[in-house]
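See structure below.
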Amino acid sequence: SGVTGLVNGNNQMSVSVTAPDGTTALYEVNLIVTLNSDTSLATFEVDGQSVEDGSVVDLDVHTTTVDVVVETTDLDATYEISGDTDLVAGENQLVVLVTAADGVTTNDYHVTLNVAYNTDASVSQILVGGVSVVDGDTVQLDPQTYSVTVDVTTSDTDATFEVTGDQDLVVGDNNLTIV
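Heads up: the sequence shown is residues 29 to 207, going by the working numbering.
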């Protein structure tokens, strides 16, 4: 009959045979149960959305972390998740590395996480020569001023800006542009 209760690795099986005259013979066999090499996933979700290897997930502006749920098909397999934190605007790579129960077989599952760029191009403050100004203001400068310091604070800390017209000033009107 069949052998039950086998475990991973070596299992000793004994078979005792008794002849009609009472003579017995013992036969022993070593049964080796190999560890599973299954690296498949039963469940793979990012922020509650079912994903698979190669999926792309679009995320809101300023998203810095995602919740990842992984369940391996073979409960003895292990996994490591990387790329689910410290996300930045643009493309980020999430990787789930699954190691099968055999400890040798591995498989990577990749998901691209696209964090939306902020479209906020507003400024919270503009200082021209230390004076707070808004778009369209006029600033009076002292005679023989040839350049002026311009400090810009953007509403989005990731936004960039460029100032033109703050150097080589002439007597009269000068246009200052912040892009």
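Virtual Cβ for every residue (Gly too), placed ideally from N, Cα, C.
Looking at the strands, I want to know which residues DSSP matches up with residue i.
{"i": "A53", "result": "V45"}
{"i": "Y137", "result": "V124"}
{"i": "V256", "result": "Any question about residue 256 goes unanswered here, given that the chain covers just 29 to 207."}
{"i": "T100", "result": "L69"}
{"i": "Y107", "result": "V126"}
{"i": "S152", "result": "Its beta-bridge partners do not exist; DSSP assigns none."}
{"i": "T181", "result": "Q153"}
{"i": "Q40", "result": "N58"}
{"i": "Q23", "result": "Coverage of the chain is limited to positions 29 through 207, which leaves residue 23 absent and any answer about it impossible."}
{"i": "T205", "result": "T192"}
{"i": "S175", "result": "The partner list for S175 (beta bridge, DSSP) is empty, contrary to what the question assumes."}
{"i": "V198", "result": "In the DSSP output, where bridge partners are listed per residue, V198 has none listed."}
{"i": "V159", "result": "V156"}
For residue i and residue j, which I take to be in contact (beta-carbon distance under 8 Å), what is that distance rounded to the nearest angstrom?
{"i": "N36", "j": "V61", "result": "5 Å"}
{"i": "I109", "j": "V98", "result": "7 Å"}
{"i": "L34", "j": "L59", "result": "6 Å"}
Give every residue of the same chain whose Cβ lies closer than 7 Å to the Cβ of residue i, excluding the five residues on either side of it in the sequence, and list them in chain order.
{"i": "S183", "result": "D148, S150, V151 and S152"}
{"i": "T91", "result": "L115 and V143"}
{"i": "D179", "result": "L155"}
{"i": "S65", "result": "A128, D130 and T133"}
{"i": "E119", "result": "T140 and N142"}
{"i": "D194", "result": "S175, V176, V178 and L204"}
Tell me which same chain residues have a C-beta within less than 6 Å of the C-beta of residue i, skipping the five on either side of it?
{"i": "Y137", "result": "D81 and V124"}
{"i": "Y55", "result": "V43"}
{"i": "T192", "result": "T205"}
{"i": "Y145", "result": "A117"}
{"i": "E190", "result": "V207"}
{"i": "A53", "result": "V45"}
{"i": "L63", "result": "N36, A129 and D130"}
{"i": "V84", "result": "T140"}
Report the option in the options whose CA atom is closest to the CA atom of residue i.
{"i": "T106", "options": "E190, N203 and T134", "result": "T134"}
{"i": "T166", "options": "N203, N146, T93 and T52", "result": "N203"}
{"i": "L87", "options": "E99, L122 and Q40", "result": "L122"}
{"i": "T185", "options": "V89, G50, S68 and E119", "result": "V89"}
{"i": "D196", "options": "T188, V176 and F189", "result": "V176"}
{"i": "F72", "options": "T100, T113, L34 and V45", "result": "T100"}
{"i": "V198", "options": "V207, T181, T188 and D170", "result": "D170"}
{"i": "Y74", "options": "D95, T32, L59 and V84", "result": "Reading off the sequence shown, one finds Val at residue 74, where the question assumed Tyr. When each option's Cα is compared against that of V74, the closest is D95."}
{"i": "V162", "options": "T181, Y174 and T173", "result": "T181"}
What residues in its chain sit with their C-beta under 8 Å from that of residue i, if we drop five residues either side in the sequence?
{"i": "L103", "result": "none"}
{"i": "V31", "result": "N39, M41 and L59"}
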